[in-house]
Amino acid sequence: TEIIDGRPIGGRLLEPAERPNGIRYLAPLRVEMPRVKAASAEELRHLVDLNARRIKPLLEMYLDAPTPILFINDVSIYLQSGCLHPLTDVVGRAETAVINGYYGEYLAEDMGTGVSAVERKLMERLSLLMDIVIRL
241 TEIIDGRPIG GRLLEPAERP NGIRYLAPLR VEMPRVKAAS AEELRHLVDL
291 NARRIKPLLE MYLDAPTPIL FINDVSIYLQ SGCLHPLTDV VGRAETAVIN
341 GYYGEYLAED MGTGVSAVER KLMERLSLLM DIVIRL
């Protein structure tokens, strides 16, 4: 978790000590914060790609052994890569999916890479697959 202008950004849904028994928790060991950490457009694109390469295998693991209930924390990190696949398959496999992601303007500066616009567009497309969308 990072604090930017007094606001917490990032972090895990559950820390290891907080996870109840019987919960399958898939998470990359590390997730980068491209727009916060990158010093250049090239580095930003690299961090976005790195996140996607870390997250995609976890989505595929879910598809190999789906559960009825699915939580995805900060889906927008994956969507920054410009790819909805295999996320749409993952959502389709769950009976109930609770998904959060960034849909704001505060972190819009992306050094001209277009990552923020792609993220926003794919968040909108993903929201069309949801029964209920809550905007905070």
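Start counting the sequence shown at 241; every next residue gets the next number (my numbering). Don't be surprised by glycine CBs; every beta carbon is placed ideally from N, CA and C.
Item, Value
"Among Asp304, Ala357 and Ala267, which one has its Cα closest to the Cα of Ile329?", "Looking at the sequence itself, residue 329 is Asp, so the reference to Ile does not match. The shortest Cα separation from Asp329 among Asp304, Ala357 and Ala267 belongs to Asp304."
"Locate the alpha helix (DSSP H) running through Thr336, then write down its first and last residues.", "Premise fails: Thr336 lies in the beta strand (DSSP E), Thr336 to Ile339, not in any alpha helix (DSSP H)."
"Verify whether the separation of the beta carbon atoms of Ala334 and Leu310 is less than 7 Å.", "yes"
"Over the uninterrupted beta strand (DSSP E) stretch that includes Leu310, give me the two end residues.", "Ile309 to Ile312"
"For the alpha helix (DSSP H) containing Arg294, list its first residue and its last residue.", "Ala281 to Asp304"
"For Asp371, count the other beta carbons within 10 Å of its own beta carbon; 16 or more makes it buried, fewer makes it exposed. Which is it?", "exposed"
"Could you round the C-beta distance between Arg294 and Leu324 to whole angstroms and report it? I think they count as a contact, below 8 Å.", "About 17 Å separates the two Cβ atoms, so there is no contact after all."
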